[in-house]
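Worksheet: the structure to be examined is printed underneath.
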Ligand code: FE
């Protein structure tokens, strides 16, 4: 059997022009559509190829563009796997009909039930908690849960990114699931009233806002801070001692968790290879890369976490069914619009 030894990478634009030459079915190959944007994922792919001899042809793009592309390609799509972050997007892919249900005893046994789609169309492989960070000098009584972010005593102190971002949408979707739609709307209004500035930037920018003094309380996924522990992140690492953090709702539902995951494409020409790849992502080795390479929490709880992740500390995560949460996204967007969360 002939195998190419390198992992090939196509940008989205380039990939469109070469799509006709991309092998659909080809023994020993796998066509991966990915929106994960972490360079450390290279090791995931090269180790899979080393272990199985299966070459990965990678097409990278924004998640929604990849989903739209798979829809347009239809039955002729060369896509075998869609890999992305955030439950809402995985659910969007399922709704668009670009994924298929698969059977895998390995995935059933390794991946916790609450991190799997109810129809086995997608599986979560790593998690991140969306938690509260604060300026230790200015905040002596940080919020201990999400609900308290709306407390008027934090007026002018809270920073968060825009409502168009999936992390925002999934967080509010979880609040809806845990507390009901009315309470969620009141909460969102309260958070908007407490904003220190108009929503802007990414999660690292929320952490930078704490260092610069523009924000007193920020929300960010854990891996952005753990990354600033592991390596130098401009505007955060050098002054990270100023920043404290709280894993929210430890006496209630637990910290809001999001996941990174994927599924087998609806028309996967190399379906067996695709299932083998997902099973590899659930292996101890791949699970460790999610933690060591991108400071995430492995979906398989027995896998050792990296030093930077451990430094964040132990906590209880919300183990709510994420596929139920994702169904609230449209309602969440409506609430964001109503309360003026930009
Ligand atoms: Fe992110």
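In the numbering used here, the protein residues as written are -17 to 324. We put the CB at the ideal spot given by N, CA and C, even for glycine.
Taking 7 Å as the cut-off, is the beta-carbon of residue i closer than that to any non-hydrogen atom of the ligand FE?
i: residue 67; result: yes
i: residue 147; result: no
i: residue 203; result: yes
i: residue 185; result: yes
Would you identify the three-state DSSP class for residue i, choosing helix, strand or coil?
i: residue 134; result: helix
i: residue 271; result: helix
i: residue 285; result: coil
i: residue 117; result: strand
i: residue -14; result: Confidence at residue -14 is low in this model, with a pLDDT of 32, below 50, so the placement of that residue is unreliable and no value is reported for it.
i: residue 314; result: helix
i: residue 3; result: The predicted model places residue 3 with a pLDDT of 46, which falls under 50 and marks its position as unreliable; any figure quoted below should be read in that light. Three-state result, residue 3: helix.
i: residue 169; result: helix
i: residue 215; result: coil
i: residue 247; result: strand
i: residue 191; result: helix
i: residue 228; result: strand
i: residue 151; result: helix
i: residue 128; result: coil
Spell out the partners DSSP gives residue i in its beta bridges.
i: residue 11; result: 37
i: residue 141; result: 200
i: residue 279; result: 109
i: residue 28; result: Bridge partners of residue 28: none, in fact.
i: residue 238; result: 112
i: residue 16; result: 42, 65
i: residue 98; result: 105
i: residue 177; result: 140
i: residue 299; result: 237
i: residue 81; result: 247
The ligand ADP and residue i: does any heavy atom of the ligand fall closer than 7 Å to the residue's C-beta?
i: residue 147; result: Only the ligand FE can be found as ligands here, which leaves the ligand ADP out of the picture.
With residue i and residue j assumed to form a contact (beta carbons below 8 Å), what rounded beta-carbon distance in angstroms separates them?
i: residue 128; j: residue 157; result: 6 Å
i: residue 189; j: residue 207; result: 6 Å
i: residue 57; j: residue 247; result: Contact flag wrong, Cβ pair sits at about 11 Å.
i: residue 154; j: residue 314; result: 4 Å
i: residue 204; j: residue 69; result: Not really, about 16 Å apart at Cβ, beyond 8 Å.
i: residue 259; j: residue 63; result: 6 Å
i: residue 191; j: residue 106; result: At roughly 29 Å, the Cβ-Cβ gap does not stay under 8 Å, so residue 191 and residue 106 are not in contact.
i: residue 110; j: residue 240; result: 5 Å
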